[in-house]
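Input: a single structure, listed below in structure tokens.
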Amino acid sequence: MHSLLERIKAGTLWDFHGGIHPADNKLQSSQSPVVDAGLPPRLIIPLRQHAGHAGDLLVQVGDKVKKGQPLTRYAKGRVVPVHASTSGTITEIGNHTVAHPSGLGDLCVILTPDGEDEWGERNGKADYWNLERGELLERIQQAGVAGLGGAVFPTHSKLDGRGQLTEILIVNGLECEPYITTDDRLMQQYADEIMDGIRVLKHLLKPKLTLIGVEDNKPEAITELTRHATDEDVLVKTVPTKYPSGGAKQTIELLTGRQVPKGGRAVDIGIMVLNVATVFAIKRAIIDGEPLIERIVTLTGDSFKKPGNAWVRLGTPVRWLLQRFELQPEADQRVIMGGPMMGFTLPHAMVPVVKATNCLLAPTQAELPAPGPEQPCIRCSACADACPASLLPQELYWYSKAKEYDKAEKLNLMDCIECGACAWVCPSEIPLVQYYKIAKDDIREARAEAEKAERAKQRFEAKQARFEREKAAREARHAEAAAQRRQTMTAAGGEDPVAAALARIKAKQDAPITAIATTAEGLPDNSAVIAAREARKREAEARRAAKLAENANSDTAAAAQPAEAVDLASDPKKAAIAAALARAKAKKAAQAGESAEPVTAEAVAAPAVDADQQKAEVDPKKAAIAAAIARAKAKKAEANGGPVSAAKGTAAEVNTQNDAPVDPKKAAIAAAIARAKAKKAAQQGDSAEGDLTANAGASESAATQSDAPSAASEAVDPKKAAIAAAIARAKAKKLAQQGESAGAEGAQSEPAASAQTRDVAVAKSEVTTSQSDTAASAAVDPKKAAIAAAIARAKAKKLAQQGESAGAEVASTSAEVESAATQVDRAETEGERAPAEPMQSDAASSEQPLAVTAAPEANAPAADALVDPKKAAIAAAVARAKAKKLAAEAARAAETAAEDAPSADRTTTR
0 MHSLLERIKA GTLWDFHGGI HPADNKLQSS QSPVVDAGLP PRLIIPLRQH
50 AGHAGDLLVQ VGDKVKKGQP LTRYAKGRVV PVHASTSGTI TEIGNHTVAH
100 PSGLGDLCVI LTPDGEDEWG ERNGKADYWN LERGELLERI QQAGVAGLGG
150 AVFPTHSKLD GRGQLTEILI VNGLECEPYI TTDDRLMQQY ADEIMDGIRV
200 LKHLLKPKLT LIGVEDNKPE AITELTRHAT DEDVLVKTVP TKYPSGGAKQ
250 TIELLTGRQV PKGGRAVDIG IMVLNVATVF AIKRAIIDGE PLIERIVTLT
300 GDSFKKPGNA WVRLGTPVRW LLQRFELQPE ADQRVIMGGP MMGFTLPHAM
350 VPVVKATNCL LAPTQAELPA PGPEQPCIRC SACADACPAS LLPQELYWYS
400 KAKEYDKAEK LNLMDCIECG ACAWVCPSEI PLVQYYKIAK DDIREARAEA
450 EKAERAKQRF EAKQARFERE KAAREARHAE AAAQRRQTMT AAGGEDPVAA
500 ALARIKAKQD APITAIATTA EGLPDNSAVI AAREARKREA EARRAAKLAE
550 NANSDTAAAA QPAEAVDLAS DPKKAAIAAA LARAKAKKAA QAGESAEPVT
600 AEAVAAPAVD ADQQKAEVDP KKAAIAAAIA RAKAKKAEAN GGPVSAAKGT
650 AAEVNTQNDA PVDPKKAAIA AAIARAKAKK AAQQGDSAEG DLTANAGASE
700 SAATQSDAPS AASEAVDPKK AAIAAAIARA KAKKLAQQGE SAGAEGAQSE
750 PAASAQTRDV AVAKSEVTTS QSDTAASAAV DPKKAAIAAA IARAKAKKLA
800 QQGESAGAEV ASTSAEVESA ATQVDRAETE GERAPAEPMQ SDAASSEQPL
850 AVTAAPEANA PAADALVDPK KAAIAAAVAR AKAKKLAAEA ARAAETAAED
900 APSADRTTTR
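In numbering that gives the first Met the number 0, the protein residues as written are 0 to 909.
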């Protein structure tokens, strides 16, 4: 570094790559002194006029402010405040178009001057050498000083950090941009104040050497600076005019021969570069205590009648300035903020002057023609030859246009200083700098998003770490509390419960594990489990069988007891069975005086059947059929005047049937067979018409008497009782009609017999088909009763054909069967239509159960869900008792039957 300083002092100069020599056009404005632009009627002050975030607002609409009063708050980092350019009132705060190539708006404060231009508090320090470094930097920040060379980087942030390592301080007064003469006039008129600012910086940075660089096209400025630069370590260096020698990196290379490393800054090599206008603003901030509220602006171009330089308040509208300096616009007049190389065209004239505004250029079309249409690149490499940063502009253009930003970054796109030298020399008139700016903005935005995501990730990780710490602390508190509880419990019980529980768990874990047996194929052997399951099944079946046997024994014992010992309220089923047995015994006693001659064969047959049944295994179905056959034989013998031994067999059969479970289907079939045989036996009596008429009357009384015990028992199914009553009434009507139609129907016996044969076949098929459905029903359905009636008709026909009197008996049997079928069909129809009514126990209401109980069967399917063999057996016994009683009273009630027959007809019709 010492040798470098010696070479610099000896007057050595260096050069940089590329560069161009456009016409400078500086004499239009550099020959006249700087004037005051004046105070506009309205100031538009943007809150962000530097490279960084805007500060928080300190004022509101309607507030009165003084000149130099801060409008925003400064903070740490790259935040500098803005100040009121004059005294006045805040009339509006909102978005307004600002000086930016995008033409977008930003938050601005609208200040209406009061005309007094009254300063606020100013606190200058002429003895700045007595201030600490930090206080000096804070004063610079409070004054809102930013780089006035164009970058507007906050000066306090630039001087802080590595600023204390500065060895060479360079004051940049080269001002290479054509047309701009602000620094030239500043150095000519305010050289002494510039030197005061350099001394403040020397005190702050303590550099070994200070260089003031000026191009050789500014002789007046060089003269004035040389006259005031009396310090030995301050040198005024004159360099050749070449664009862009005013760039920071190019200035360093020109004056020191050193290059800033890629991605680095000048302070990394011990050099600090500040614009001459920035040094002047530092002097005003520290020594005078004035914030940055105005700057020199060059107003030039052939469209101005009076071009020159002027002190312009920050926030002054451009339109007011153009009028103030007598702009003579032409058609499609352009106003460029900045120079022709790095400036941009304003979207309109209502844009405020800001800290970065150094020139307002209003050229004519002849003076500065508009760029022509863009042409394809011809790969001439002129842009690469002119690039002062030694880049490859043509390749950067291709990648930027294709938005391949990763490749553009590899070619050091971010090192481009956007000087415009490449676009100036391009023969295809490609706006190369515009492509580079767009690409750099996109890259910065992507980096900002990545940084935001990284910060969010760091916050999330910090939050997770905090949660973990809190969880660990919470678990530690819980463990401490648990330890205290264990100590308390140990002190009270003498044993640690947690330790005891852990010991039990460990003992259980240490216990040997029984190996699972496997088969030869490697599968688990489950034979033991299967054997245990089968044993449990057998035990369950045995328990069910024992329970069924116990229920059967209890039912048999209850049936063997006298009717007087049965409690009707406690067990209605047993009461009904006892009543049936009582009626059978009464009938037997009544028949004891009758003749017993024709009964010999049948009386012997009944015990034989019982004996055969006892030898074989007890089957409920077979037992019910055998009982029906025995009862039919007994009825036949009774009708022929036989002895009462058949009644004994009948009673025994009733008891036998009650002992075993009865199938409802088979019981219904047996009842139908018994009724058919009873009809046949009744037809073989000595008295034809008289006895039949008496039997009709007896049927009504028998039905009335048989319904009484049924009504007394709530367990008897009303449907079955109604069907049995209808059948009994049909039989009575048939007996009354047999005397009248005996002779007329004799000739029709053969056709009826054939029809009856077909009915038998159909009935048997229907019974076979319906047995599977009837097994799930506990009550006798009217359809089943019809099937049973058909079977009875078939069997009656067969028995009639085998008798001695074939013609008369067949005719009477056919009429009987048809009448009974008609009555059963009517009973079924009435049972389905009629509403449900409670059964009556007296004789007058004994004919109603058919209509009363049919509807409950349809509305209550739950009654058919389970089969009740006991109810079916009771119904069958009631039907058999009624049939027996009809046959017994047929001979004694002939006259009564003739009187009651019309009543029976009316009841059936209902």
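Think of the CB as a built atom: it goes at the ideal place given N, C-alpha and C, for glycine as much as any other residue.
Residue range of the alpha helix (DSSP H) that A472 falls in? First-last of the alpha helix (DSSP H) with A472: L431 to G492.
**Message:** Taking the alpha helix (DSSP H) that W319 belongs to, which residues open and close that run?
**Reply:** V317 to R323
Taking the continuous beta strand (DSSP E) assigned at H49, which residues delimit it? No beta strand (DSSP E) holds H49; DSSP gives it neither H nor E.
Next on the checklist: Could you tell me the alpha carbon to alpha carbon distance between K400 and Y434, rounded to whole angstroms?
Outcome noted: 7 Å
Problem - Buried or exposed by the 16-neighbour rule on C-beta atoms within 10 Å, applied to E469 - result: exposed
- Task: Could you tell me which of L254, K573, Q374 and P362 sits nearest to A330, measuring between CA atoms?
- Result: P362
Exercise. Decide if T229 is buried, meaning its Cβ has at least 16 other Cβ atoms within 10 Å, or exposed.
Key: exposed
According to the neighbour-count rule (16 or more other Cβ atoms, all chains shown, within 10 Å of its Cβ), is R138 buried or exposed? Looking at its Cβ environment, which holds 16 or more other Cβ atoms inside 10 Å, R138 is buried.
Is it the case that the segment 419-433 contacts the segment 447-463, given that we only count it when at least three CB pairs across the two stretches are under 8 Å?
no
>> By the DSSP assignment, the alpha helix (DSSP H) with C421 in it spans what residues?
In response: A420 to V424
| request: Using beta-carbon positions only, say whether Y178 and G300 come within less than 9 Å of one another. | output: yes
- Task: Throw me the rounded Cβ distance for the E192 and F279 pair, which I believe falls under 8 Å.
- Result: Rounded to whole angstroms, the Cβ separation of E192 and F279 is 6 Å, and the two are in contact under 8 Å.
List the residues that DSSP assigns as beta-bridge partners of V272.
I169
Below 9 Å between beta carbons: does that hold for F303 and Q327?
-> yes
- Message: Can you find the residues in the same chain that come closer than 6 Å, C-beta to C-beta, to T96, ignoring five residues on each side of it along the sequence?
- Response: Excluding residues within five positions, the ones whose Cβ falls inside 6 Å are G104 and V350.
query = From R543, K730 and S380, pick the residue whose C-alpha is nearest to that of P392; which is it?
reply = Looking only at R543, K730 and S380, the smallest Cα-Cα distance to P392 is reached by S380.
For P375 and A385, the rounded distance between their alpha carbons: 19 Å
- Since H95 sits in a beta bridge, which residues does DSSP pair it with? Beta bridge pairing from DSSP links H95 with D105.
Legend entry - Simplified DSSP state of K883, which is helix, strand or coil: helix
Fill in: Residue burial classification, A455 (beta-carbon count within 10 angstroms, cutoff 16)
Under this definition A455 is an exposed residue.
Are the beta-carbon atoms belonging to I19 and A125 less than 9 Å from one another? no
| request: Assuming W118 contacts K65 (C-beta within less than 8 Å), just tell me the rounded distance between them. | output: A Cβ-Cβ distance of about 6 Å is found for the pair W118 and K65, placing them in contact under the 8 Å criterion.
Counting Cβ pairs, one atom from each stretch, are 3 or more of them under 8 Å apart for the segment 67-82 and the segment 2-17? no
Leaving out the 5 sequence neighbours to the left and right, which residues in its chain are closer than 7 Å to A150 when beta-carbon positions are compared?
A50
#### Entry: N-terminal and C-terminal residue of the beta strand (DSSP E) that L359 is part of
C358 to L360
Practice task
Determine the closest residue to V281 out of N357, A265, A365 and K157, with distance taken between C-alpha atoms.
Solution key: Here residue 281 turns out to be Ile, not Val, going by the sequence shown. It is K157.
**Message:** To the nearest angstrom, how far is the alpha carbon of D14 from that of A220?
**Reply:** 22 Å
Cβ pair L313, K248 closer than 9 Å
no
Check: Can you tell which of F343, L46 and E252 has its C-alpha closest to the C-alpha of P430?
Finding: F343
Rounded C-beta distance between P339 and L367? I'm assuming under 8 Å. Your pair P339 and L367 checks out as a contact, with CB atoms roughly 6 Å apart and the cut at 8 Å.
Query raised in the report: Which word fits S553, buried or exposed, when buried means at least 16 other C-beta atoms lie within 10 angstroms of its C-beta?
Result: exposed
- Item | Under the three-state DSSP convention, the category T11 falls into | coil
For V259, I'd like the list of residues in its chain whose CB is within less than 6 Å of its CB, leaving aside the five on either flank, ordered along the chain. K248 and A265
Identify the continuous alpha helix (DSSP H) that holds T255 and give its terminal residues. In the DSSP annotation of this structure, the continuous segment of the alpha helix (DSSP H) that includes T255 starts and ends at A247 to T255.
Q) Around the Cβ of S84, are there at least 16 other Cβ atoms within 10 angstroms (buried) or fewer (exposed)? A) buried
Exercise for the section: Can you tell me which of the three DSSP states Y404 falls into? Expected result: helix
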